[in-house]
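S.K.:
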Amino acid sequence: MIKTILLLNPVYVTLFWAVVLSFYRSRKHAPKIFLGKFMFVAFVLYISHYFYFTGQFKVYYYLDSIYTLTSLAVYPLYHIYIRLLTVDREFSPSLHLKYLALPAIMFILHLTGYLLMNDSEVIYYLKMVLPGKESGQGITGYMGIIHTLFRVVFICQVIIYLYLNYRLISTHNDQLQEFYSNIEERKLDWVQFFNFSLAVTSLASIFAAILGRDIFNASDLHLAVPSVIFSVMLFIIGLLGNTQKEVYTERLHQTEIKEKPKSSPSIKKKMERLFEKEMIFKSPDLKIWDLCNMLGTNRTYVSRMINNEYGRNFCNHVNHYRVEYAKKLIGENKLITNEEVAELSGFGSVNSLYRAFKSIENKSLGELREES
């Protein structure tokens, strides 16, 4: 009973998010829609796990090649999901299916072996060769080689996609500061965390599997650890992915707007007036395109001017004015709460206020209150 519950935990989690995320339809929600497809593939993977570890080989016979395909497709699909969050506007077969080419080849090689085996060879392979008890001969030996190749490919994929995903997310988080004044809801730190977590857990699972699948049958505890870890991680990935604020679609649309820049002195004076007199920094979700529309010029020009004239990116430039205004509010009213200061100054949250204050003033907000 406990074993069944452990095996079905990730099945229920992935099926739940596959259904929930499938309700999104518009191109604006392309990452969420694709995350739903990722969850469905993971659901097929874990339902295959269930039939194997419960000894239902007659059913697993039809799922083993699909298990190979879904196991190798998980990381490419997660990479595509991250690309949709960062650099690609929508899913494109011509752009993204290349990441699934190797899993497809392994699936064909694996399925070919199954088609060439008779019933007795299938049972022998599933009970003796697949768990690592024997190496097999002839067609079962071929299947043993394919299974070994599968594990090598899986490990290589984990390492390669861990690196590719890390680069994409790091570059994305850095670029956000050039576009948005409040980046907390758009940063992908949570994706980076689960990128590493999934990689470490997956590598641990595959190395355990190298010792033989029977290691998981030896004790419910051996099944409990990976089951609980993957169930929790996949649930949180689905939860955070469902609430993730869209970034790329909006950014791409805005960067398509192009206008001829005016002279630098004219734009600089107008921008200073917008920040100092009209206090546009009070808008909590001020974007660089909003500023561009006010100035009548393009994003590249405004971004370069802020970098060259002030030595700051857009986010730090806006937060500079917010911090100065926050200091003024505290100086005028020492009883004002930090929540009120954050809201009146244009910060999206109190934590954003704390971080900006520490970064710009090199002291905490509490230290400022003590000094004033």
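Residue 884 in our numbering is what sits at position 149 of the sequence shown, and the numbering runs on without skipping anything. We put the beta carbon where it would ideally sit given N, CA and C, even for glycine.
1) Counting along the chain, where does the alpha helix (DSSP H) carrying N1042 start and finish?
2) What three-state label does DSSP hand Y797 in the structure shown?
3) Considering only their Cβ atoms, is the gap separating L899 from H814 smaller than 8 angstroms?
4) Taking only three categories from DSSP, how would you classify Y810?
5) By a C-beta neighbour count over all protein chains shown, 10 Å radius and 16 as the cutoff for buried, is C891 buried or exposed?
6) For H831, which residues in the same chain have their Cβ closer than 7 angstroms to its Cβ, ignoring the five residues on either side in sequence?
7) State the Cα-Cα distance for the pair L1088 and R1104, rounded to the nearest angstrom.
8) Tell me whether the beta-carbon of L1064 lies closer than 8 angstroms to the beta-carbon of V1076.
9) According to DSSP, is K1022 part of a helix, a strand, or is it coil?
10) Tell me whether A1192 is buried or exposed, calling it buried when 16 or more other Cβ atoms sit within 10 Å of its Cβ.
11) Taking its Cβ as the centre, do 16 or more other Cβ atoms sit within 10 Å of S916, making it buried, or is it exposed?
12) Mapping the DSSP letters down to three states, classify Y915 as helix, strand or coil.
13) Span of the alpha helix (DSSP H) holding Y859?
14) Check whether the Cβ atoms of L1030 and M1006 lie closer than 8 angstroms to each other.
15) For Q912, count neighbouring Cβ atoms within 10 angstroms of its own Cβ and tell me buried if that reaches 16, exposed if not.
16) Under 8 angstroms: do the segment 1010-1028 and the segment 854-869 share three or more Cβ pairs, one atom per stretch?
17) Exposed or buried, which one is S1094 when buried takes at least 16 other CB atoms within 10 Å?
18) Could you tell me whether the Cβ atoms of S1001 and I1023 are closer together than 8 angstroms?
19) With contact counted as at least three CB pairs below 8 angstroms, one residue from each stretch, are the segment 766-779 and the segment 835-851 in contact?
20) Assuming K767 is part of the alpha helix (DSSP H), what are its boundary residues?
21) Taking one C-beta from the segment 816-828 and one from the segment 783-802 each time, how about it: are there three or more such pairs within less than 8 angstroms?
22) For N1097, which residues in the same chain have their Cβ closer than 6 angstroms to its Cβ, ignoring the five residues on either side in sequence?
23) In whole angstroms, give me the CA-to-CA distance for K833 and S827.
24) DSSP state of K1098, grouped into three classes?
25) From V809 to S783, what does the alpha carbon distance come to, in whole angstroms?
26) Please state the DSSP three-state secondary structure of Y759.
27) Helix, strand or coil for D823? Go by DSSP, reduced to three states.
28) Would you check if the distance between the CB atom of L851 and the CB atom of I874 is smaller than 8 angstroms?
29) Go through its chain and collect everything with a Cβ distance to L742's Cβ below 8 angstroms, but skip five positions before and after it.
30) Taking 8 angstroms as the CB-CB limit, is L975 close to chain D?
31) Is the beta carbon of F965 less than 8 angstroms from the beta carbon of P745?
32) Is Q910 helix, strand or coil when you go by DSSP?
M.R.: The short version:
1) 1034-1045
2) helix
3) Taking C-beta atoms as the reference points, H814 and L899 count as a pair closer than 8 angstroms.
4) helix
5) Flag for C891 reads exposed.
6) I815
7) 14 angstroms
8) yes
9) In this structure, K1022 counts as strand in the three-state DSSP scheme.
10) The structure shown has nothing for residue 1192, since the chain only spans 736 to 1107.
11) So S916 counts as buried.
12) strand
13) 854-859
14) yes
15) buried
16) no
17) Result: exposed.
18) no
19) Taking 8 angstroms as the limit for Cβ pairs, the verdict is that the segment 835-851 does not touch the segment 766-779.
20) 765-788
21) no
22) none
23) Answer to the nearest angstrom: the Cα atoms are 10 angstroms apart.
24) coil
25) 14 angstroms
26) coil
27) coil
28) Taking 8 angstroms as the Cβ cut-off, L851 and I874 qualify as a contacting pair.
29) Same-chain partners within the cutoff: Y781, H784, Y785, F788, T789, L958, S962.
30) Checking the listed chains, one finds no chain D in this structure; it contains a single protein chain.
31) Between F965 and P745, the gap from beta carbon to beta carbon is short of 8 angstroms.
32) helix
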